[in-house]
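Okay, so the sequence shown: first residue is 1 according to the working numbering, each after it adds one.
Ideal Cβ positions, reconstructed from N, Cα and C, are used throughout, including at glycine.
Down below is the structure, laid out as structure tokens.
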Amino acid sequence: MVAAATPVLTAMAASEVQGMQAEGGAFAGQFQDGQTLEQPFNIQPGKCYSVIGVGVGIQELDIQLVAHTPPMPPVVLAQDSTTGPNATLGGKGQCFKNPLPIGGPAKAVLRVRGSGMAVGQIYVK
Numbered sequence: 001m002v003a004a005a006t007p008v009l010t011a012m013a014a015s016e017v018q019g020m021q022a023e024g025g026a027f028a029g030q031f032q033d034g035q036t037l038e039q040p041f042n043i044q045p046g047k048c049y050s051v052i053g054v055g056v057g058i059q060e061l062d063i064q065l066v067a068h069t070p071p072m073p074p075v076v077l078a079q080d081s082t083t084g085p086n087a088t089l090g091g092k093g094q095c096f097k098n099p100l101p102i103g104g105p106a107k108a109v110l111r112v113r114g115s116g117m118a119v120g121q122i123y124v125k
């Protein structure tokens, strides 16, 4: 599943997140309309984050960075403003920088419109 979208993901990363490193591996899922996929990670103090997503067969892919420290409700830290089956959150040097002096649990959330597959990758610098 990931292999089908890897060339597009690699090309987008080359133009959108230059100088950033992949945080963990790519994550992917097969979606029905309206479904989401959450990829947990630890957000670090002073680091800058971007997420790239590539969809195959879907109409719209939305990406959010969400912090969730129970018992507090989840907080959306950043979201993409792109449209279509491919999405970039924090591309072209506009990565989300954690302003807090501490890190914590977060997740990248992929949400789709339409049916198909999507793959995402978190980047950090």
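Membership of Gln64 in the beta strand (DSSP E) is indicated by the continuous run 60-67.
Note: Glu38 is bridge-paired with Val109 in the DSSP secondary-structure output.
A Cβ-Cβ separation of about 29 angstroms leaves Ala4 out of contact with Val76 under the 8 angstroms criterion. Closest by C-alpha distance to Arg111, out of Gly24, Gln30, Leu9, Met20, is Gln30. Between Glu23 and Ile122, the alpha-carbon positions lie close to 5 angstroms from each other. Inter-residue distance for Leu89 and Val51 is about 5 angstroms (C-alpha atoms, whole angstroms).
Gln35 and Glu16 have their C-alpha atoms roughly 26 angstroms apart.
The DSSP-derived three-state label of Ala26 is coil.
Ala87 and Cys95 have their C-alpha atoms roughly 14 angstroms apart.
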